[in-house]
Amino acid sequence: MTLTQPAPTAPAPAPAADTTGDPTGDEDLCASVDRPHPRPHGRDLYSISEVAAHTGLSVHTLRWYERIGLMPHIGRSHTGQRRYTNRDLEWLAFVGKLRLTGMAVADMVRYADLVRQGDHTYPERRALLVATREDVRRRIAELHSTLSVLDFKIDLYSTEEHRS
Numbered sequence: 001m002t003l004t005q006p007a008p009t010a011p012a013p014a015p016a017a018d019t020t021g022d023p024t025g026d027e028d029l030c031a032s033v034d035r036p037h038p039r040p041h042g043r044d045l046y047s048i049s050e051v052a053a054h055t056g057l058s059v060h061t062l063r064w065y066e067r068i069g070l071m072p073h074i075g076r077s078h079t080g081q082r083r084y085t086n087r088d089l090e091w092l093a094f095v096g097k098l099r100l101t102g103m104a105v106a107d108m109v110r111y112a113d114l115v116r117q118g119d120h121t122y123p124e125r126r127a128l129l130v131a132t133r134e135d136v137r138r139r140i141a142e143l144h145s146t147l148s149v150l151d152f153k154i155d156l157y158s159t160e161e162h163r164s
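Counting in full-length UniProt numbering, the sequence shown runs without a single skipped number right up to 164 at its last residue.
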């Protein structure tokens, strides 16, 4: 079965959302996962190439994420091949969101390390996410200002007297 084909059985119901970002816990990592899981829980063992195809990340990037500590421990088959689960796909979706915020890789690795350390790191995780949110809000404000300038110029060039 390829990753793009639906599973032959009905998918499992979606677990409750988890805001902790815990890749090893019993709850989902994100309130919303952009792409549905290709396989139901319990039948969710994916090769690295299947995960690359599903996420759009390269095999090299997936290995690098694991090497730098951004990914939790990835299971292996009896032959040593990586076997990713739906939980790993959820974590990668969350990491993708962090990347979109512009968070530094070192901060993402720090966040992943805090998650692995356990619940007592909630205050540090929260502080890291709050700082990131403020950076995102600042960038959004800059983009809104830039958009206003573009809209002004577009309107200027759209007036009757400036048309050729």
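Don't be surprised by glycine CBs; every beta carbon is placed ideally from N, CA and C. Here the structure is a predicted model, which means the values were calculated and not measured.
Residue i in three-state terms, based on DSSP
i: Gly75; result: strand
Start-to-end residues for the alpha helix (DSSP H) that takes in residue i
i: Leu70; result: It is not in any alpha helix (DSSP H) - Leu70 carries neither H nor E in the DSSP assignment.
i: Met103; result: Element bounds for Met103: n/a, residue is neither H nor E.
i: Pro123; result: Tyr122 to Ser158
i: Ser49; result: Ile48 to Thr55
Integer-rounded CB distance, given that residue j should sit under 8 Å from residue i
i: Leu70; j: Ala112; result: 5 Å
i: Asp45; j: Thr85; result: This sequence places Leu at residue 45; Asp is not what is there. At roughly 7 Å, the Cβ-Cβ gap stays under 8 Å, so Leu45 and Thr85 are in contact.
i: Pro36; j: His54; result: No, Pro36 and His54 are not in contact; Cβ-Cβ is about 10 Å, not under 8 Å.
Neighbourhood of residue i by C-beta distance below 6 Å, restricted to the same chain and skipping five residues each side
i: Ile68; result: Val109
i: Thr132; result: Thr101 and Met103
i: Tyr65; result: Met71
Other residues of its chain near residue i: CB distance less than 7 Å, five sequence neighbours each side excluded
i: Pro23; result: Caution applies to Pro23, whose pLDDT of 45 falls short of 50 and renders its modelled position unreliable; the model cannot decide the point.
i: Arg76; result: Arg82 and Arg83
i: Val52; result: Note that residue 52 is Ala in the sequence shown, not Val. Taken in chain order, the residues that qualify are Ser58, Val59 and Leu62.
Cβ neighbours of residue i in the same chain (closer than 8 Å, five flanking residues each side left out)
i: Arg139; result: Gly102
Beta-carbon gap between residue i and residue j smaller than 8 Å
i: Ile74; j: Val59; result: no
i: Asp107; j: Leu128; result: yes
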